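Student:
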Amino acid sequence: MEIFEQFDKKWALVTAGTIGAFNTMTVSWGGLGTLWSKPAATIYVRPNRYTYDFLNENEYFTICFFDEEARADLAYLGSHSGRDGDKVAQTSLHAVPVGASVGWVEATLTLLCRKTYWQDMDPERIPSRIKERFYEHDPVHRMYIGEVVEILKK
């Protein structure tokens, strides 16, 4: 079903910070729904990712979806760290202020989210078959839930 392919197959960029200081990363795990009677988006980020720091320090973040033409840029942004330099400069994407966060000119859909909840996943509650596949050598993710406060479509 296409709605489930948005994260898993098409990927998205999660960006946090301000236009003067931000980081972005590709995500393929996430969800959309309703929480506390508000539209909500959920993302998962490991603590060793540079974007994790920006998500923790900022109240807002964006989730941006793109056409297939941006696939190579999303792959690059997901496999290189902003700690090592200006990785955005190596892509054809252009950052733009979106509310109190940052989005992308090329995005076809942008969700501006206000962080409402976050929690580290509990390894004791993750089945061993999943831990073996996803967490044998990597830290568990932190879940971030944001109220979707604005939707921008191209």
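The numbering used here numbers the first residue of the sequence shown as 1219 and each following residue consecutively. No residue lacks a Cβ here, since even glycine has one placed at the ideal position from N, Cα and C. These figures come from a predicted structure and were not determined experimentally.
Compare the C-alpha of residue 1225 against each of 1315, 1233, 1235 and 1250 and name the closest.
Tutor: Residue 1250 is the option with its Cα nearest to residue 1225.
Student: Should residue 1303 go down as buried or exposed, given a rule of 16 or more other Cβ atoms within 10 Å for buried?
Tutor: Residue 1303 comes out exposed.
Student: Could you tell me how far apart the beta carbons of residue 1295 and residue 1328 are, in whole angstroms, since I believe they sit closer than 8 Å?
Tutor: The Cβ separation is near 15 Å, so there is no contact.
Student: Whose CA, out of 1287, 1290 and 1313, lies closest to the CA of residue 1240?
Tutor: Of 1287, 1290 and 1313, the residue nearest in Cα terms is 1313.
Student: Once the 5 residues before and after residue 1373 are set aside, which same chain residues still bring their CB inside 8 Å of it?
Tutor: Because the chain spans 1219 through 1372 in this model, residue 1373 falls outside it and cannot be assessed.
Student: Can you find at least 3 beta carbon pairs, one from the region 1347 to 1355 and one from the region 1253 to 1262, that sit closer than 8 Å?
Tutor: As far as the Cβ criterion goes, the region 1347 to 1355 does not touch the region 1253 to 1262, which means the pair count is below three.
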